[in-house]
Each structure stands twice: as structure tokens, then as C-alpha cells.
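What follows is a set of notes on a single structure, which appears directly below.
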Amino acid sequence: MLTSLPRLAALLLALAALLLAAVAPAAQATSPAAGADEAAPLVIGHRGASGYRPEHTLASYALAARMGADYIEPDLVSTKDGVLVARHENEIGGTTNVADKPEFADRRTTKVIDGVSYTGWFTEDFTLAELKTLRAKERIPQLRPRNTLYDGRYTVPTLQEVIFLSNRLSRELGRRIGIYPETKHPSYFRSIGLPLETPLVETLRDNDLDRRRARVFVQSFEQGNLRELDRVVKVPLVQLLPASGPEGAATPQPTLGEIDDYADGVGPPKTYIVPRDAEGRSLEPTSFVDDAHARGLLVHPYTFRNENAFLPLELRRPADATADPALYGDAFAEYAQFFALGVDGVFSDNPDTAVEARAEVLAAG
Ligand code: G3P
Ligand code: CA
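Numbering (mature numbering (1 follows the signal peptide of the UniProt record, and there is no 0)) for the sequence shown: -29 to -1, 1 to 336.
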């Protein structure tokens, strides 16, 4: 019997719907947002749990994971012998005891890096063995005096040690702890013959982490190395945007449309989403989160910190210019606002506060 035309059309439509349904999950699986088994929004332990321990130490990362962070964030620079180590910058006078080491006194020097002059000691002038003789110390003791209790206890970790730690913590905690490495000054390191990307890619591959769903994000403030990495690795990439804002940046910053070409997410300062006036009060939120989402980009703003010094004026305690910068303000209110605005993750120095704030938002539905 011949099928009538309307019935045939209905059958074809049904078949098309079935085909689309079958294809959709595969398409989503290629997106970093498709990690349906991941908590959302993500809590990224910024430099570990740097609100409580000297930053970029194994103790700081371990505490972040035990506090509930989904990812731990090592900033990466290179040693003289090409090993990636976790430091916020290659000048290490502010975060290690190198100044107290007479054997390294002659390494103190001045360098211009990305157009800025720095005087101190630099990781690229130390072999890993030499760097391992140093001990980490608190970067901002005036704001975090309690953290100085831990000065001198921890070494500068390698990226490989951070990965071993994340594996160990994943087993201990019964959930996967991701890593969120950032390449620091990649053009500079390339210019001195110590490119960061080569050992980064090798280390990810050696650890079977160059996979789309490996719980790894790679971030950078530079576009060039992200574009290059996009051709080489499978892990999602995140374009960081500078705190000074596009108009104040030394080099032109990419638009969301350009970022969409090579990255999977964007890491803006908090003020791109909730700007502040000259006195530090919050202004009306921008459309940044919606604009990025419209491009399919994840939004992971930085940096959430409990201290008054980093909060908008109305959330400081007391809520005025007399607030002690080292005391805590209403950090919960700041997380609640950003979660309500739809961010996909937060870089936090205080992962326990971020996790508790997220639980409240999720519980409220
Ligand atoms: O990577 C996100 C955020 O950490 C960028 O700022 O300077 O703390 O590395 P910074
Ligand atoms: Ca960082």
C-alpha cells in the first residue's frame, strides 16, 4: 500500500527528530561545559587555598582540594633547565626565602619582562636542584599574618608534583581533582629559549591528561600561545583578560568573537562583570556573562577573596573606607551575586567559602 504524502512527511520528521536526538549528546560531549558529572559552578583553588597557606605550595593545593575545590590552579614558569614550576611570576624574591641565601646573592639582577622592569631573583636563573633548596613564604603577610606560620616549610613544586598530588587527592577524596595550569609570560620565556608550551604539552601527555574530559583547563593572558596550543592539545583553553580592562591594557585585547575562535572559556577580572565606581562601590552588572555565553564561552572570573581589601565597598565590614583591609567582609554576598549572574566557575583564594556559598545557591534552587 502506498503511504500518503502527509504520513510520509510525518514519518520523515519523526526520523529527523530521532537522528537529531542521537547526534546531540555527541556534540555536547565535545564542549567543556558538557562535564555533566562536574559540580557547577566550579570552584577553582586559586594558587591553592592561598587565603590560608603560602601560595603555590603542595600544602596550599592539598588544603584547597580538601576544602572542596574542584580544580587547583598552578601558575607556571620555567627553571634554567626547562622544568615547569609553580610560581605566580618568575621573580621569586616575594614568595621564597631566596634573599636570605648568601650563595644566591649574586643572582640578584634587574630584567625587563613584558615591558616592566623587575629587580630580584628569577626562576630561569636557577636549576631545579637549586630552586628546591629554597622555601616558600607568604606573599602578603600584612593582610594574611597567620599564613606566616607556614613560612619556610614548603618547597617550590614542579608541575609534575602538582599532578601527582591531584591524583593522590582524587583517590583520597573519592572525586576527581582537576588542574588549571596558567602559562606565565609565555612570550618572554620563548624569547630566552625556554618555551613553556613544550614541557606543558609533554607533561600533560605523559600523564594521559591531554584529553577533552581530563579535568584540565589551560589558561593564559596571551593570545598567541593559546592559538598555538589550540592546534596542538585537546584540553579546553581559557583566555584571561587583564585587570586594567581592555582600554587600559598595554596590548590590544581580543574580543569575545576572536576568543571563540581558539578558546573554550574566558577568565575576566570580577570587575568586567560587576564594575566599581571610583570609591569601590559596585555598579550595575554588565552583560559580559550573557555575551560570553552567547558565544558558547565559559566564564571563570578572578579573584574571589574574603578580605575587605578585595571586596566592593558595600560588602566590607564596616561598609566604608575605615574597614580593616585584612579582616573579612561579606564574601558570601559577593559569591551569591556572581552565581546568580550565571558564572561557570570562580577562582577563589578561600575555596571553603566558595563551596559553602555554592551549596546555598544550589539548595535555594
Ligand atoms: O588565572 C586566573 C587568575 O589567577 C589570573 O590572575 O595574576 O592571579 O594569575 P593571577
Ligand atoms: Ca593564575
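Yeah, the Cβ is synthetic: ideal placement off N, Cα and C, and Gly gets one too.
Nonlocal neighbours in the same chain, by C-beta distance under 6 angstroms from residue 151, ignoring five residues either side
Translated into the one-based positions of the sequence shown, residue 151 becomes position 180. Once the five neighbours on either side are set aside, the close Cβ partners of residue 151 are 15, 42, 44 and 188.
State whether the region 225 to 235 contacts the region 257 to 269, with contact taken as three or more CB pairs (one from each stretch) at a distance under 8 angstroms.
yes
Taking 7 angstroms as the cut-off, is the beta-carbon of residue 190 closer than that to any non-hydrogen atom of ligand 1?
Here residue 190 refers to the residue found at position 219 when the sequence shown is read from its first residue. At least one heavy atom of ligand 1 is nearer than 7 angstroms to the Cβ of residue 190, so yes.
Should residue 168 and residue 154 be called a contact, given that it needs their Cβ atoms to be closer than 8 angstroms?
In the sequence shown, counting from the first residue as 1, residue 168 sits at position 197. In the sequence shown, counting from the first residue as 1, residue 154 sits at position 183. Taking 8 angstroms as the Cβ cut-off, residue 168 and residue 154 qualify as a contacting pair.
Classification of residue 71 by the beta-carbon crowding that lies within 10 angstroms, buried from 16 upward
Taking the first residue of the sequence shown as position 1, residue 71 is located at position 100. So residue 71 ends up on the exposed side.
For residue 231, which residues from the same chain have a beta carbon less than 7 angstroms from its beta carbon, with the 5 sequence-adjacent residues on both sides left out?
The sequence position of residue 231 within the sequence shown is 260, counting from 1. Excluding sequence neighbours, residue 231 sits near 266, 267 and 268.
Where does the unbroken beta strand (DSSP E) through residue 230 begin, and where does it stop?
By one-based count along the sequence shown, residue 230 stands at place 259. Careful: residue 230 lies outside any beta strand (DSSP E), inside the alpha helix (DSSP H) at 227 to 233.
Any residue with its Cβ nearer than 5 angstroms to a heavy atom of ligand 2 should be included. What is that list in chain order?
46 and 153
When you compare the CB positions of residue 287 and residue 294, do they come within less than 8 angstroms of one another, or not?
The residue you call residue 287 lines up with position 316 of the sequence shown. The residue you call residue 294 lines up with position 323 of the sequence shown. Contact: yes.
Indicate whether residue 341 and residue 29 have their beta-carbon atoms separated by less than 8 angstroms.
Nothing about residue 341 can be reported from this structure: the residues present for the chain run from -29 to 336 only.
Where the alpha helix (DSSP H) containing residue 42 begins and where it ends
As a position in the sequence shown, residue 42 is number 71, starting the count at 1. Here residue 42 belongs to no alpha helix (DSSP H); instead the beta strand (DSSP E) covers 42 to 44.
At 3 residues or longer, what runs of the beta strand (DSSP E) sit wholly inside the region 96 to 153?
none
Which residue wins for smallest C-alpha separation from residue 333, given the options 320, 87 and 311?
Indexing the sequence shown from 1 puts residue 333 at position 362. Measuring from the Cα of residue 333, the nearest candidate turns out to be 311.
Compute the Euclidean distance between the alpha carbons of residue 13 and residue 88, then round it to the nearest angstrom.
Position 42 of the sequence shown holds residue 13. Position 117 of the sequence shown holds residue 88. For residue 13 and residue 88, the distance between alpha carbons rounds to 35 angstroms.
Tell me whether residue 318 counts as near ligand 1, meaning its Cβ is closer than 7 angstroms to at least one heavy atom of that ligand.
Looking up residue 318 in the sequence shown gives position 347. The answer is yes for residue 318.
Assess contact between the region 312 to 320 and the region 273 to 293, defined as three or more Cβ pairs (one per stretch) separated by less than 8 angstroms. Is contact present?
yes
Please state whether DSSP places residue 75 in a helix, a strand or coil.
For the purposes of this step, residue 75 is taken as residue 104 along the sequence shown, with counting starting at 1. In the structure shown, residue 75 sits in a helix (DSSP, three-state: H, G or I).
For residue 10, collect the residues of the same chain with a Cβ closer than 6 angstroms to its Cβ; drop the 5 residues on either side in sequence, then sort them by chain order.
Here residue 10 refers to the residue found at position 39 of the sequence shown. For residue 10, where only same-chain residues beyond five positions count, the Cβ hits under 6 angstroms are 41.
For residue 94, is the beta carbon positioned less than 7 angstroms from some heavy atom of ligand 1?
Within the sequence shown, numbered from 1, the residue matching residue 94 stands at position 123. No, ligand 1 has no heavy atom inside 7 angstroms of this Cβ.
Can you tell me which of 62, 69, 25 and 119 puts its alpha carbon nearest to the alpha carbon of residue 104?
If you number the sequence shown from 1, residue 104 lands on position 133. When only C-alpha atoms are compared, the closest one is 69.
The beta strand (DSSP E) with residue 89 in it runs from where to where?
For the purposes of this step, residue 89 is taken as residue 118 along the sequence shown, with counting starting at 1. Run containing residue 89: 87 to 91, per the beta strand (DSSP E) assignment.
For the putative contact between residue 17 and residue 57, defined by C-beta atoms under 8 angstroms, what is the C-beta separation to the nearest angstrom?
Counted from its first residue, the sequence shown places residue 17 at position 46. Counted from its first residue, the sequence shown places residue 57 at position 86. Residue 17 to residue 57, Cβ: 12 angstroms. No contact.
Would you mind stating whether residue 25 and residue 125 have Cβ atoms separated by less than 8 angstroms?
For the purposes of this step, residue 25 is taken as the residue at position 54 of the sequence shown. For the purposes of this step, residue 125 is taken as the residue at position 154 of the sequence shown. It is a contact, given that the beta carbons lie within the stated cut-off.
Kindly indicate which residue of 284, 59 and 98 has the alpha-carbon position closest to the one of residue 250.
By 1-based counting over the sequence shown, the position of residue 250 is 279. Comparing Cα positions, the closest option is 284.
Residue 140 burial status per 10 Å Cβ neighbour count (16 or more: buried):
As a working note, residue 140 is residue 169 in the sequence shown. Residue 140 is buried by the Cβ-count criterion.
Can you grab the Cα-Cα spacing for the pair residue 246 / residue 178, in whole Å?
In the sequence shown, counting from the first residue as 1, residue 246 sits at position 275. In the sequence shown, counting from the first residue as 1, residue 178 sits at position 207. Their Cα atoms are separated by approximately 40 angstroms.
For residue 206, tell me which candidate among 255, 115, 196 and 184 has the shortest Cα-Cα distance.
By 1-based counting over the sequence shown, the position of residue 206 is 235. Considering only alpha carbons, the answer is 184.
Jot down the residue ranges of each uninterrupted beta strand (DSSP E) in the region 231 to 313, minimum 3 residues, whole runs only, in chain order.
236 to 238
Which stretch, first to last residue, makes up the alpha helix (DSSP H) that contains residue 36?
Taking the first residue of the sequence shown as position 1, residue 36 is located at position 65. Its alpha helix (DSSP H) spans residues 29 to 37.
Considering just the uninterrupted stretch of the beta strand (DSSP E) at residue 57, what are its terminal residues?
Along the sequence shown, read from residue 1 onward, the residue named residue 57 stands at position 86. Note, residue 57: beta strand (DSSP E), 55 to 57.
According to DSSP, is residue 171 part of a helix, a strand, or is it coil?
As a working mapping, residue 171 is identified with position 200 in the sequence shown. DSSP places residue 171 in helix when its eight states are reduced to three.
Residue 262 versus residue 244: straight-line alpha-carbon distance, rounded
Taking the sequence shown and counting its residues from 1, the one referred to as residue 262 is at position 291. Taking the sequence shown and counting its residues from 1, the one referred to as residue 244 is at position 273. Going by the C-alpha atoms only, they are around 11 angstroms apart.
Rounded distance between the beta-carbons of residue 162 and residue 94, thought under 8 angstroms:
The residue given as residue 94 occupies position 123 in the sequence shown. The residue given as residue 162 occupies position 191 in the sequence shown. Contact flag wrong, Cβ pair sits at about 15 angstroms.
Chain B within 8 angstroms of residue 278, Cβ atoms only:
This model lacks chain B altogether; it includes just one protein chain.
Residue 126 Cβ short of 7 angstroms to ligand 1 heavy atom set:
Sequence index remark: in the sequence shown, residue 126 carries index 155 (1-based). No, since every heavy atom of ligand 1 falls outside the 7 angstroms radius drawn around the Cβ of residue 126.
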